[in-house]
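Visitor: Read in the working numbering, the sequence shown has 297 at position 225, and its numbers run on one by one without any break. Using N, Cα and C, we set each Cβ at its ideal position, and we do this for glycine too. Just so it is clear, the structure is predicted and the values come from calculations on it, not from any experiment.
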Amino acid sequence: MTFVRSKHWLLEEMTLEDVRNLQPQVAVLPMGATEPHNLHLPYGTDTLEAWHLADRCCEAACQLGAKLVQLPAIPYGTETNMRQFPLAMNLQPSTVHLILRDLVQSLEGAGIQKLLIFNSHGGNEFKPMLRELYGQTSVHIFLCNWFQMVKDAASKICQHAEDHAGELETSVIMAFRPDLVRLRSDGSLQADDGQTRPLRFQALQQGWVGLSRPWHLLTTNSGSGNPHLASASKGEALTQVVVDRIASFLADLSQSPLDASFPFA
Ligand SMILES: [Zn+2]
């Protein structure tokens, strides 16, 4: 009996022969984090979201003919504003940059010149890194912060807007890993309401002036946004939006020639 691999886009499950046969055109790099998520979701939430959502996008892209490889997820991210919480495992932005630079070099060595960073953590800011790497590599790097990309759909699917460990993230984890969501004996989430302390200045409240918010002052148990109306079906609906928007992009990217005007029409 021959064993047929189902997830043939996952590098961690591929052999050298698989890679040689596939000749991938695109790599997808899921970027996560290790940090607390209120009292009901695990520290690995961002990494789980990145992995599972990327997996679903890659699966759909492969069905559309994409030749791609999903790289193992990076489980750490930038946590400098979470330092007051135990075991929020920080990589400085400059360290994240070095990791990205080195991985891009490995892709270049393998002849893969198209990379999608699939980021799940708000503390990871890749745009300055894309600017710095531009011209230093033949790899064309694209960035998807999926939690920002689905904001329009999330505002229709979810009741409460959120920042962290709220209705959106809780719904996504309920869809993929319900076994990891902590419940009380009455079936409700073992979570607080994700209330946040208001900022002191109007310019900060309005977003006219930005800052890196000290998370222990902003929140009580690290959660920002009310999670209590989350459901697995909302998580699946949000996943479908991500897949609809990203899978066809990956398929088109895979097939697109790297001509002089790439990525323009
Ligand atoms: Zn998160």
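Would you report the Cα separation of Leu120 and Pro335, rounded to the nearest angstrom?
Guide: 30 Å
Visitor: Can the beta-carbon of Ser243 be found closer than 7 Å to that of Gly307?
Guide: Gly307 sits close to Ser243, with the two beta carbons spaced by under 7 Å.
Visitor: In whole angstroms, give me the CA-to-CA distance for Arg202 and Ser260.
Guide: For the record, residue 202 in the displayed sequence is Leu; it is not Arg. Going by the C-alpha atoms only, they are around 42 Å apart.
Visitor: Quick check: what's the CA-CA separation for Gln142 versus Gln220?
Guide: One alpha carbon belongs to Gln142, the other to Gln220, and they sit about 21 Å apart.
Visitor: Which residues does DSSP list as the beta-bridge partners of Lys186?
Guide: According to DSSP, residue pairing for Lys186 in a beta bridge involves Val98, His212.
Visitor: So Arg269 packs on Leu111, CB below 8 Å; how close in whole Å?
Guide: Contact doesn't hold; Cβ gap of about 18 Å is too wide.
Visitor: Verify whether the separation of the beta carbon atoms of Gly297 and His232 is less than 7 Å.
Guide: yes
Visitor: Verify whether the separation of the beta carbon atoms of Val315 and Cys129 is less than 7 Å.
Guide: yes
Visitor: I want to know whether the region 189-196 touches the region 101-108 - three or more CB-CB distances under 8 Å.
Guide: The region 189-196 vs the region 101-108: in contact.
Visitor: Is Ser316 near ligand 1, going by C-beta to nearest heavy atom under 6 Å?
Guide: Residue identity differs from the one stated: residue 316 is Asp in this sequence, not Ser. Checking every heavy atom of ligand 1 against the Cβ of Asp316, none is found closer than 6 Å.
Visitor: I think Leu187 touches Val176, with their Cβ atoms under 8 Å apart; what is that distance to the nearest whole Å?
Guide: 7 Å
Visitor: Confirm, please, whether the CB-CB distance from Val98 to Leu322 is below 7 Å.
Guide: Remark: C-beta atoms of Leu322 and Val98 approach each other more closely than 7 Å.
Visitor: Taking the C-alpha atoms as reference points, what is the distance between Pro114 and Pro165?
Guide: 23 Å
Visitor: Which of helix, strand or coil does DSSP assign to His288?
Guide: helix
Visitor: If you reduce the DSSP assignment to three classes, tell me which class Met103 lands in.
Guide: strand
Visitor: Between which two residues does the beta strand (DSSP E) holding Val141 run?
Guide: 140-142 is the span of the beta strand (DSSP E), which, as asked, contains Val141.
Visitor: Please specify which runs of the beta strand (DSSP E), each continuous and at least 3 residues long, are wholly inside the region 193-250, giving them in chain order.
Guide: 212-217
Visitor: Check whether the Cβ atoms of Asn109 and Phe248 sit closer than 7 Å, and answer yes or no.
Guide: At residue 109 the sequence reads His, which differs from the Asn that was named. In this structure, Phe248 does not lie closer than 7 Å to His109 by Cβ.
Visitor: In the DSSP assignment, find the unbroken alpha helix (DSSP H) run with Trp81 in it and report its ends.
Guide: Looking at the DSSP string, Trp81 is not in any alpha helix (DSSP H), and its letter there is neither H nor E.
Visitor: Between Asp224 and ligand 1, is there a pair consisting of the residue's CB and a ligand heavy atom that are separated by less than 6 Å?
Guide: Taking 6 Å as the cut-off, one finds no heavy atom of ligand 1 near enough to the beta carbon of Asp224.
Visitor: So what does DSSP say about Gly266, is it helix, strand or coil?
Guide: coil
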